[in-house]
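Protein chains in written order, with my numbering: chain A, 1316 to 1774; chain B, 1316 to 1774.
Ideal Cβ placement from N, Cα and C applies to all residues, glycine included.
Number of protein chains: 2
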Amino acid sequence: MDRTRETSQDLLEEVKSLIENHKYFELRELLEEYHIIDIFDIMESLEDEDMQIKLFEVLPSDMAASILEESGVEFFSNMISKLEIEHAKNILECMSLGDMADILNELEEDERLKIIDYLNPEDAAAVKELLFYEDDTAGGTMTKGYISINKHMTALEAIEHMREEAEDAETIYYIYVVDDDGKLVGVLSLRELIVARNDSIIEDLMIENLVSVYDYEDREEAVRLVSKYNLVAIPVIDKENKLRGIIKVDDIIDVMEEEANEDMYKLAGSSEHEMDVAEDEKSTLLQQITSSLRGRLPWLILSLAGGVVASLILTKFEVIGDSKFVQLLFFLPLIIGMGGNTGSQASSVTVITLSNRDVERKDIIKEFCVGLIGGVICSLISAILIYLMYRDMDVTLIVSITLLLNMVIGAIVGVLMPLFIRKIDSDPAIISTPVISMFLDIIGICIYYGTAILMLKLI
Amino acid sequence: MDRTRETSQDLLEEVKSLIENHKYFELRELLEEYHIIDIFDIMESLEDEDMQIKLFEVLPSDMAASILEESGVEFFSNMISKLEIEHAKNILECMSLGDMADILNELEEDERLKIIDYLNPEDAAAVKELLFYEDDTAGGTMTKGYISINKHMTALEAIEHMREEAEDAETIYYIYVVDDDGKLVGVLSLRELIVARNDSIIEDLMIENLVSVYDYEDREEAVRLVSKYNLVAIPVIDKENKLRGIIKVDDIIDVMEEEANEDMYKLAGSSEHEMDVAEDEKSTLLQQITSSLRGRLPWLILSLAGGVVASLILTKFEVIGDSKFVQLLFFLPLIIGMGGNTGSQASSVTVITLSNRDVERKDIIKEFCVGLIGGVICSLISAILIYLMYRDMDVTLIVSITLLLNMVIGAIVGVLMPLFIRKIDSDPAIISTPVISMFLDIIGICIYYGTAILMLKLI
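This is how it looks when you write it as structure tokens:
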């Protein structure tokens, strides 16, 4: 057995040569050995568009449909437009309606309508329903390929029904039970159905207490429930509890990957929109640059304003007296850098914690202690270094005391700011690194100034 | 139908009153309506330990086992030690060996051996095997509850075998096919087995081309494959291709959640270790503080060293001439802050991109353009503000030109540094915000100095 046969150069060459020699039968035989995803990889590696189309045409309809489910909108509309209408219709019939709706969502109105025209009336209605939902809702993430049975059926009738529906179903691991009004009332696993006696009534077999999500809810709620209850799929219902679709675990995984990246983009001081554009293979360089600027510039300009305010505060330093004052300015990068770093570490950790659970008093005490101990250690190191380098006790004391204060305050601000944002009902992830740095820069300079005045008076 | 019946206060009160009134039969009836995870939530909300134990004792063995699978090591060893030995043995028999091994891993040696002594010889051997693997390998993540059949069986024999094994199996969606030596040679989905003719030979039905992962590989490889190929479980094999276990999609989801948080911790300038301790409910405040300091201090000290170097470079500024020189120092926070922010945005985005795909020339050009355009905009804004505030053309020009240069260089360093780290085969995620800031602070100050000298000579 070959292990995972991910696309190799050899295979690609073999496919190319079979296409060039018009050996389509052999090509089809070869491809049936491989996983859809690997075939899609090969297709993407073929640079010649004619070859792509030839390869696609050779595939059986169900395999071609699976390829389209994985592909982007450009590939989809390109392939569909190149195929004979009947062949295209057959392939569309095999596609997951959830994936199809996701692709149609990105097409122009007229092209979308043309594709919907190719579908049978039942599928067309279902796709239109899916297109109605926003992308980031449970409804926008669900698909239609589920099996549902009536609660009054016997186990035998249910198995019969399941066998008929199995071909169109995207998952047969859960069978959903509805009442005469189409309301979701229970769930059966395939395992339970198989071991049941033939004449048992579904209503007596089913599990009534099932986890579901409303179609208008955020898709992250679906992720949370699937993750919490270890599900392979979650049913989506409407306000009247009618079953509208399911979200499968592989789509949950896709959402999780996207959301994790989204959080990282926000933490870095950019936006979800930049990520969407960056991940869209069709986007042009110009679109990518515009989206990045849109995401990042607001934070940069806020930061710029902070820097200008900092310069205004620094002009007040002159009262300290010329020579000391200039020497103290040399340590500005050190002072504000360390406060900012401590603060951004504390705020990032708090934002991450908040995305998983509530932040407790214990977490705040922890950040305070970490800031204090880290501050004492860094302040001692800096005191030794600065004294050895400059042999000036005043400067050494002022810098190291300010460093300690700044790091403690950095830690406190870092942990409290996301909590405050959460309290006023915003997303704590907007506390990105640039914002916290700017905020702490200004606080840090004020503390530096205050400490300097105080120390020089005391000494 | 109630929707998701997550733990409510009412239910908690009901459970409490049933326990207090010794109505154990009614309690068991009530609990059977609920999902394991909800029962676990209730158990955690019960503050009284005796009540917890009573509630746990009431549960049937298989439900109790599922509760233990979800729980942490403390709850596990507490419950097992409080139960009668025979009851404990029954519960352990029902547990997923993968989850059990994860818990045993965290127990003291003598307690671990005591638990293993409770197991039947077969389970004991399997658990010992699982304990042998490192946590972050595929072997350390896998479990034993899979169904495997011999390739020479008929479909009917396979279904019989599956029915026998189904009780212990954690997933029956994939049935793995092995040869006489136990080597993994194929896979069948339950769906395919059910629709097959009774006398078909498994070898002819199975899919030979299956995706698997080696036991010694990183668990992230398992995540990548499950996500890429949309799997519900992935088989784990050893060097000789023998089937050793499976990783189920719900464990993949757990790993994904952990890894996403890990990346965020690293980006913030901390470590995986801090996260592990923070998420461990058993860890004391002292342990949490120590782990945070261990993760964050190295970056802070590195940053401190950078700050000291910066002060050394700044002393060279004195050649510029007293009054201009002091004025220029006022803009230090602005200059280095903006360079650092641009750099950390660029490096974070690059680190995130690298975790998903290769960074291409296009990405580098994009970051350069974003730095350049962002730089021009910020530089113009700062020029206007500074001129209006200080009415000094020299300072205005020096600051705004340096700002532009710094932001462009910040963008370039930010995108290239993670690429360089990847090239020398390290994890690009070590380029955390504190490191990139320190690096760019020093570069920024040198540019500032150079520009100032050059401009003042030119004017």
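Coil, strand or helix - residue 1822 of chain B by DSSP: No answer is possible for residue 1822 of chain B: it lies beyond the span of chain B, which begins at 1316 and ends at 1774.
Helix, strand or coil at residue 1533 of chain A [DSSP, three-state]: Locating residue 1533 of chain A in the first sequence gives position 218, where the first residue counts as 1. In the three-state scheme derived from DSSP, where H, G and I count as helix and E and B as strand, residue 1533 of chain A is classed as strand.
Same chain, Cβ closer than 6 Å to residue 1373 of chain B, neighbours up to 5 away in sequence not counted: Position 58 of the second sequence, counted from the start, is the residue given in the question as residue 1373 of chain B. Excluding residues within five positions, the ones whose Cβ falls inside 6 Å are 1339, 1342, 1343.
Contiguous beta strand (DSSP E) assignments of at least 3 residues, all confined to the segment 1542-1610 of chain B: Runs found: 1548-1552, 1558-1563.
Contacts that residue 1652 of chain A makes with chain B (C-beta to C-beta distance below 9 Å): Walking along the first sequence from the start, residue 1652 of chain A turns up at place 337. For residue 1652 of chain A, the neighbours in chain B by C-beta distance under 9 Å run, in chain order, 1618, 1619, 1621, 1622, 1625, 1651, 1655, 1749, 1752, 1753, 1756.
The segment 1506-1515 of chain B / the segment 1420-1429 of chain B touching (three or more Cβ pairs under 8 Å): At 8 Å Cβ cutoff, the stretches do not touch.
Counted within 10 angstroms of its Cβ, other Cβ atoms place residue 1350 of chain B as buried (16 or more) or exposed: Walking along the second sequence from the start, residue 1350 of chain B turns up at place 35. Buried.
Three-way DSSP call (helix, strand, coil) for residue 1776 of chain B in this model: Since the first and last residues shown for chain B are 1316 and 1774, residue 1776 of chain B lies out of range.
CB contact below 8 Å: residue 1350 of chain B versus chain A: In the second sequence, counting from the first residue as 1, residue 1350 of chain B sits at position 35. Yes, its Cβ sits closer than 8 Å to a Cβ of chain A.
C-beta contact flag for residue 1282 of chain A and residue 1684 of chain B at 8 Å: Nothing in the structure corresponds to residue 1282 of chain A, since chain A is present only between 1316 and 1774.
Own chain, CB closer than 7 Å to residue 1357 of chain A, minus 5 neighbours either side, in chain order: Your numbering for residue 1357 of chain A matches position 42 in the first sequence. Excluding sequence neighbours, residue 1357 of chain A sits near 1322, 1326, 1327, 1330.
Limits of the beta strand (DSSP E) - the one that residue 1501 of chain B falls within: Within the second sequence, numbered from 1, the residue matching residue 1501 of chain B stands at position 186. Looking at the DSSP string, the run of the beta strand (DSSP E) that includes residue 1501 of chain B is 1499-1504.
Cβ neighbours of residue 1766 of chain A in the same chain (closer than 8 Å, five flanking residues each side left out): Taking the first residue of the first sequence as 1, we reach residue 1766 of chain A at position 451. The beta carbon of residue 1766 of chain A sits closer than 8 Å to those of 1713, 1716, 1717, 1720, all from its chain and outside the five residues before and after it, given in chain order.
Opposing strand residues paired with residue 1522 of chain A [DSSP bridges]: The residue given as residue 1522 of chain A occupies position 207 in the first sequence. Answer is A/1502, bridged to residue 1522 of chain A.
Cross-strand partners of residue 1458 of chain A (DSSP beta bridge): Along the first sequence, one-based indexing puts residue 1458 of chain A at 143. Among the bridge pairs identified by DSSP, residue 1458 of chain A is matched with A/1561.
Where the alpha helix (DSSP H) through residue 1696 of chain B begins and ends: What you label residue 1696 of chain B is simply residue 381 of the second sequence in a count that begins at 1. Taken as a continuous stretch (DSSP letters only), the alpha helix (DSSP H) holding residue 1696 of chain B covers 1676-1705.
Reduced DSSP category for residue 1768 of chain A - H, G, I as helix; E, B as strand; rest coil: Here residue 1768 of chain A corresponds to residue number 453 of the first sequence, with the count starting at 1. Helix, per DSSP.
Cβ-based burial, residue 1362 of chain A [other Cβ within 10 Å; buried from 16]: Your numbering for residue 1362 of chain A matches position 47 in the first sequence. With fewer than 16 Cβ atoms within 10 Å of its Cβ, residue 1362 of chain A is classed as exposed.
Whether residue 1770 of chain A touches residue 1673 of chain A by CB criterion (8 Å): Locating residue 1770 of chain A in the first sequence gives position 455, where the first residue counts as 1. Locating residue 1673 of chain A in the first sequence gives position 358, where the first residue counts as 1. No, these two residues do not count as a Cβ contact at 8 Å.
Proximity test, residue 1433 of chain B beta-carbon vs the ligand FAD heavy atom, cut-off 7 Å: Among the components modelled here there is no ligand, and therefore nothing to report on the ligand FAD.
8 Å contact criterion, which residue 1517 of chain B and residue 1541 of chain B should meet: CB distance rounded: For this step, residue 1517 of chain B is matched to residue 202 along the second sequence. For this step, residue 1541 of chain B is matched to residue 226 along the second sequence. Approximately 24 Å separates the beta-carbon atoms of residue 1517 of chain B and residue 1541 of chain B; this is outside 8 Å, ruling out the contact.
Separation of residue 1545 of chain A from residue 1317 of chain B, as counted between CA atoms: The residue given as residue 1317 of chain B occupies position 2 in the second sequence. The residue given as residue 1545 of chain A occupies position 230 in the first sequence. Confidence is the limiting factor: at residue 1317 of chain B the pLDDT is only 42, short of 50, which leaves the residue's position unreliable and the question unanswerable from this model.
Near-chain B residues of the segment 1478-1504 of chain A (beta-carbon distance less than 8 Å), N- to C-terminal order: Answer set for the segment 1478-1504 of chain A: 1478, 1481, 1487, 1488, 1498, 1499, 1500, 1501.
Extent of the continuous alpha helix (DSSP H) run through residue 1433 of chain B: Here residue 1433 of chain B is taken as the residue at index 118 of the second sequence, counted from 1. Run containing residue 1433 of chain B: 1424-1433, per the alpha helix (DSSP H) assignment.
Own chain, CB closer than 8 Å to residue 1697 of chain A, minus 5 neighbours either side, in chain order: Position 382 of the first sequence holds residue 1697 of chain A. Only 1649, 1714, 1715, 1718 meet the Cβ criterion.
Within chain B, the residues that residue 1802 of chain A reaches when beta carbons sit closer than 8 Å: Nothing can be reported for residue 1802 of chain A, as the shown portion of chain A is limited to 1316 through 1774.
Integer Cβ distance of residue 1752 of chain B from residue 1656 of chain A, believed to fall under 8 Å: Counting from 1 along the second sequence, the entry for residue 1752 of chain B is found at position 437. Counting from 1 along the first sequence, the entry for residue 1656 of chain A is found at position 341. So it is a contact: roughly 7 Å between Cβ atoms.
Buried or exposed by the 16-neighbour rule on C-beta atoms within 10 Å, applied to residue 1510 of chain B: Taking the second sequence and counting its residues from 1, the one referred to as residue 1510 of chain B is at position 195. Residue 1510 of chain B is exposed by the Cβ-count criterion.
Enclosing beta strand (DSSP E) for residue 1716 of chain B [first to last residue]: Position 401 of the second sequence, counted from the first residue, corresponds to residue 1716 of chain B. Run containing residue 1716 of chain B: none in the beta strand (DSSP E); it sits in the alpha helix (DSSP H), 1708-1738.
Identity of the residue in B/1449, B/1524, B/1514 nearest residue 1491 of chain B by Cα: In the second sequence, residue 1491 of chain B corresponds to position 176, counting from 1. For residue 1491 of chain B, the closest alpha carbon among the candidates B/1449, B/1524, B/1514 is that of B/1524.
Any C-beta of chain A under 8 Å from that of residue 1765 of chain B: Numbered from its first residue, the second sequence carries residue 1765 of chain B at position 450. Closer than 8 Å: no.
Interface flag, residue 1689 of chain B vs chain A, CB-CB below 8 Å: Against the second sequence, residue 1689 of chain B aligns to sequence position 374. The beta-carbon of residue 1689 of chain B is placed less than 8 Å from the nearest beta-carbon of chain A.
Contacting positions in the segment 1540-1553 of chain A - beta carbon closer than 7 Å to chain B: Per Cβ criterion, the list reads 1540, 1542, 1543, 1544, 1545, 1547.
Element boundaries [beta strand (DSSP E), containing residue 1490 of chain B]: Walking along the second sequence from the start, residue 1490 of chain B turns up at place 175. Bounds of the beta strand (DSSP E) holding residue 1490 of chain B are 1489-1493.
Burial state of residue 1332 of chain A (16 or more Cβ within 10 Å): Translated into positions along the first sequence, residue 1332 of chain A becomes position 17. Result: exposed.
8 Å Cβ cutoff met for residue 1499 of chain A and residue 1552 of chain A: Your numbering for residue 1499 of chain A matches position 184 in the first sequence. Your numbering for residue 1552 of chain A matches position 237 in the first sequence. Cβ distance < 8 Å, so residue 1499 of chain A and residue 1552 of chain A count as in contact.
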